[in-house]
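Visitor: So in the numbering used here, spot 42 of the sequence shown is number 46, and the numbers just go up one at a time.
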Amino acid sequence: MRAPTGGDVVAGEVLLAVDNVSLSFGGVKAVTDVSFDIRKGEIRAIIGPNGAGKTSMLNIINGFYHPQRGRITFKGKTRSRMRPYDAARGGIARTFQNVALFKGMTALDNIMAGRTLKMQRGFFWQLLIEHDMGVVMDLSSRVLVLDHGIKIADGTPDEIKRDQAVIDAYLGVAH
Numbered sequence: 005m006r007a008p009t010g011g012d013v014v015a016g017e018v019l020l021a022v023d024n025v026s027l028s029f030g031g032v033k034a035v036t037d038v039s040f041d042i043r044k045g046e047i048r049a050i051i052g053p054n055g056a057g058k059t060s061m062l063n064i065i066n067g068f069y070h071p072q073r074g075r076i077t078f079k080g081k082t083r084s085r086m087r088p089y090d091a092a093r094g095g096i097a098r099t100f101q102n103v104a105l106f107k108g109m110t111a112l113d114n115i116m117a118g119r120t121l122k123m124q125r126g127f128f129w130q131l132l133i134e135h136d137m138g139v140v141m142d143l144s145s146r147v148l149v150l151d152h153g154i155k156i157a158d159g160t161p162d163e164i165k166r167d168q169a170v171i172d173a174y175l176g177v178a179h
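1) Sorted by chain position, which residues of the same chain lie with C-beta nearer than 7 angstroms to K44's C-beta, five sequence neighbours on each side aside?
2) To the nearest whole angstrom, what separates the beta carbons of A21 and D41, a pair I think is in contact under 8 angstroms?
3) Identify the residues that DSSP records as bridge partners of V35: which are they?
4) Rounded to the nearest angstrom, what separates H152 and L62 at their Cα positions?
5) Three-state secondary structure (DSSP) at V22?
6) With respect to the alpha helix (DSSP H) encompassing G138, which residues constitute its N-terminal and C-terminal limits?
7) DSSP has A3 in a bridge; who is on the other side?
8) Does I96 come out as helix, strand or coil in the three-state DSSP assignment?
9) How about G67 and P88: do their beta carbons lie closer than 8 angstroms?
10) Report the residue from I154, I156, D158, D162 whose alpha carbon sits nearest the alpha carbon of G138.
As structure tokens, then:
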């Protein structure tokens, strides 16, 4: 179901859709024809080994990078590129890994503390970067897996844990 164009998106409806997005830097393909959506009320994870294209994808979503192909639909409005100010106004925020603002607190604790002070929305609205797969799998409704800029899996955490392509990518098995 498509999200309404004017007001709020109803829980369970598509809030953000990424359709066949590709991004290259010179001859290096960072993201190749990746599609997925995020529904209101869910926690969506993007995982993959180093160099998988996770950061590039997040930077496309928040408008820092502009894809050469594909489109993004956010709250019912389709565009070929997200503008950073539109992303920010719409509530798309970005967190960074290895945050250690408050000694003795985890990155997650730091994010929650800062989020509470600065944002009017719920904590899980941010694009949380976490390296502990147990945390990711426990928190996520659905998981997108990238490897070398290509989507290799998309599903529930249980489906992802059993997916052979995901196991191969994380264990470094040759394809």
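Built from N, CA and C at the ideal position, the CB exists for glycine as well.
Guide: So, from the listed chains and residues:
1) In the sequence shown, counting from the first residue as 1, residue 44 sits at position 40. Cβ neighbours of K44 beyond the five flanking positions: V13, V14, A15, G16, E17, L19.
2) As a position in the sequence shown, residue 21 is number 17, starting the count at 1. As a position in the sequence shown, residue 41 is number 37, starting the count at 1. The C-beta separation of A21 from D41 comes to about 4 angstroms, placing the pair in contact by the 8 angstroms criterion.
3) Walking along the sequence shown from the start, residue 35 turns up at place 31. Note: V35 is bridge-paired with L27 in the DSSP secondary-structure output.
4) What you label residue 152 is simply residue 148 of the sequence shown in a count that begins at 1. What you label residue 62 is simply residue 58 of the sequence shown in a count that begins at 1. A straight line joining the alpha-carbon of H152 with that of L62 spans about 15 angstroms.
5) Working through the sequence shown from its first residue, we reach residue 22 at position 18. Reduced to three states, the DSSP call for V22 is strand.
6) By one-based count along the sequence shown, residue 138 stands at place 134. Where G138 is concerned, the enclosing alpha helix (DSSP H) stretches over 137–143.
7) Absent from the structure is residue 3, since the part of the chain shown begins at 5 and ends at 179.
8) Stepping through the sequence shown from its first residue, residue 96 is reached at position 92. Taken through DSSP and simplified to helix, strand or coil, I96 comes out as coil.
9) Residue mapping note: residue 67 aligns to position 63 of the sequence shown, counting from 1. Residue mapping note: residue 88 aligns to position 84 of the sequence shown, counting from 1. Cβ distance < 8 angstroms, so G67 and P88 count as in contact.
10) On the sequence shown, position 134 is the one that residue 138 refers to. The shortest C-alpha separation from G138 is found at D162.
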